[in-house]
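Per our numbering, the very first residue in the sequence shown carries number 184; after that it's consecutive. Backbone N, C-alpha and C fix where the C-beta goes; we use that ideal spot for every residue, glycine too.
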Amino acid sequence: MLRIPCPKCRKNLYTPDVESFCSCPYCGSKFSGKYGPDKRSESRTPKEIPFLFSYQGQNFEASTYDFSEKGVGIKIRGKVSIGKGDVLDLQLGNPSIVGRVVWINKTSDQALAGLQRLE
Numbered sequence: 184m185l186r187i188p189c190p191k192c193r194k195n196l197y198t199p200d201v202e203s204f205c206s207c208p209y210c211g212s213k214f215s216g217k218y219g220p221d222k223r224s225e226s227r228t229p230k231e232i233p234f235l236f237s238y239q240g241q242n243f244e245a246s247t248y249d250f251s252e253k254g255v256g257i258k259i260r261g262k263v264s265i266g267k268g269d270v271l272d273l274q275l276g277n278p279s280i281v282g283r284v285v286w287i288n289k290t291s292d293q294a295l296a297g298l299q300r301l302e
């Protein structure tokens, strides 16, 4: 675990990863140890929708974890070969979402990714 100070209230919190955004338990500010305060202007709506998708001949189990007007956050199970800049076509119902990966955090058994919606 890494200790990082909140940029707003300066109290310390602990995180396993300096790149991921987390909320300060003291003041609620959202920030990353590497990237600083969250600069996104649009709100996110938490919503978990499980789905399957294919990419470069591989099938993946995944689920959404939040939506915004311009993007979607997804959690992908298993070891993934997806990288920043890749375009994914996600069949989440009607309509489907086509998005470009703007960030991805991988572990040995899953990945979290943020996708920017493409028109």
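- Annotated three-state conformation of Tyr209 is coil, per DSSP.
- The criterion of a C-beta distance shorter than 8 Å is not satisfied by Lys217 and Ser206.
- With respect to the 8 Å criterion, Phe236 and Phe243 are classified as neighbours on the basis of their beta carbons.
- The continuous beta strand (DSSP E) containing Gly297 extends over residues Gln293 to Arg300.
- Short of 7 Å from the beta carbon of Cys210, and not among the five residues preceding or following it, lie these beta carbons of its own chain, in chain order: Cys189, Lys191 and Cys192.
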